[in-house]
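Peer 1:
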Amino acid sequence: MSISPVATAISPPQTEPGADLGAPAELSIIIPTFNEARNIAELAQRVARALPHTQWEIIVVDDDSPDGTAAAAKALEGEFARREKTLLEAIPKVHPFAAMAKQAPLVVLVCGDETLERYPGFWVQDCAAATENLLLAAHSKGLGAVWVGLHPIEERVEAMRQLIGIPPQVIPFAIVPVGHPAEEKPASSRYDRRRIHFDRW
Ligand SMILES: Cc1cc2nc3c(=O)[nH]c(=O)nc-3n(C[C@H](O)[C@H](O)[C@H](O)COP(=O)(O)O)c2cc1C
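Residue 309 in the numbering used here sits at position 145 of the sequence shown, with consecutive numbering throughout.
#1: Would you call the CB atoms of V224 and I193 closer than 7 Å?
#2: Find out if the Cβ-Cβ distance for the pair F291, G308 is shorter than 7 Å.
#3: How big is the Cα-Cα spacing for A239 and Q333?
#4: What is the C-beta distance between A201 and S175, in whole angstroms, given that I count them as a contact (C-beta under 8 Å)?
#5: Can you find the residues in the same chain that come closer than 6 Å, C-beta to C-beta, to P269, ignoring five residues on each side of it along the sequence?
#6: Applying the 10 Å Cβ sphere with the 16-neighbour rule, what's the burial state of E221?
#7: Looking at C-alpha atoms only, which residue of L251, D363, H361 and A346 is the closest neighbour of A136?
#8: How many angstroms separate the CA atom of L191 from the CA atom of A171?
#9: Identify which residue in P316, K257 and A294 has its Cα closest to the Cα of V310.
#10: Could you tell me whether the Cβ atoms of A265 and I255 are closer together than 7 Å?
#11: Any idea what DSSP makes of W287, helix, strand or coil?
#12: Thinking D227 and G329 are a contact (beta carbons under 8 Å), I'd like their distance in whole angstroms, please.
#13: Thinking H315 and F286 are a contact (beta carbons under 8 Å), I'd like their distance in whole angstroms, please.
#14: Relative to the C-alpha of K249, which candidate in K257, G242 and E243 has its C-alpha closest?
#15: Taking the straight line between their C-alpha atoms, what separation do you get for S304 and H259?
#16: What is the DSSP secondary structure of T172, counted as helix, strand or coil?
#17: Flag S352 as yes when its Cβ comes closer than 6 Å to any non-hydrogen atom of ligand 1, and as no otherwise.
#18: Is the closest heavy atom of ligand 1 to the C-beta of G232 under 6 Å?
#19: Mark F261 as exposed unless 16 or more other C-beta atoms lie within 10 angstroms of its C-beta, in which case mark it buried.
#20: So which of L273, E296 and T279 has the shortest CA-CA distance to R320?
#21: Can you find a heavy atom of ligand 1 that lies under 6 Å from the Cβ of F337?
What follows is the structure in structure tokens.
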């Protein structure tokens with residue numbers, strides 16, 4: 165699944181209403197929305213009242229809501245600073261080791277669905293194999309890709325769930341940012357003869 169730009173960030177005015185975001189946010193509040201046009205303004209005002217001394221930002225992830233949620237967020241321009249953000253920019257805010265996601269032209273989210281399992285309990289192996297195969301396929305095309313782990317760190321799993329609106333039976337396993345490599349890294353080896361056993365342990 166590729167993640168496309170769909171989010172709007174709203175934050176307190178920096179210099180004048182409508183100005184672009186300046187200082188980095190101290191607190192990012194990610195709000196996945198669908199048809200919440202009527203509530204966006206109220207939400208922003210409540211956050212502003214609750215956090216007068218914090219450089220906050222609200223990232224409204226608008227899932228192409230037909231009721232004009234994105235337009236409602238845009239309409240706050242007179243009152244708050246606002247800019248379009250991509251979902252890829254939101255990922256590093258919920259994952260400490262995913263800074264590369266915001267520059268990647270493509271991020272794949274690998275998920276397991278326990279209701280589709282043929283062999284119950286094997287979803288982790290299946291997802292790990294899919295992730296590794298994805299890395300190999302990217303490499304074979306001269307692209308760079310990195311395995312960014314989610315499962316079993318519950319707070320990362322939950323954050324991705326919230327960000328993308330993933331249903332309960334689906335478990336986000338890893339994200340794989342893919343792009344054109346900026347550097348060539350030597351292969352590392354962790355070979356340790358003592359860890360290899362023949363016939364019996
Ligand atoms: C389970 C797993 C989780 C990983 N999670 C991250 C991550 O969160 N962020 C990251 O930059 N790299 C992550 N990596 C990639 C590793 O940091 C490393 O780049 C990769 O394993 C290749 O390194 P090597 O050539 O030294 O083996 C992960 C790798 C694995 C296997």
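Glycine included, C-beta positions come from ideal geometry on N, C-alpha and C.
Peer 2: On the basis of the coordinates in this document:
#1: Using a Cβ distance threshold of 7 Å, V224 and I193 do not count as a contacting pair.
#2: It should be pointed out that residue 291 corresponds to Cys in this sequence rather than to Phe. At the C-beta level, C291 and G308 stay beyond 7 Å of one another.
#3: One C-alpha to the other measures close to 36 Å.
#4: Not quite, the Cβ-Cβ distance comes to about 20 Å (not below 8 Å), so this is no contact.
#5: G343
#6: With 16 or more other Cβ atoms from the protein chains shown falling within 10 Å of its own Cβ, E221 counts as buried.
#7: Nothing about residue 136 can be reported from this structure: the residues present for the chain run from 165 to 365 only.
#8: 16 Å
#9: A294
#10: With respect to the 7 Å criterion, A265 and I255 are classified as neighbours on the basis of their beta carbons.
#11: W287: helix per DSSP, three-state reduction.
#12: 6 Å
#13: The Cβ separation is near 14 Å, so there is no contact.
#14: K257
#15: 27 Å
#16: strand
#17: yes
#18: no
#19: exposed
#20: L273
#21: no
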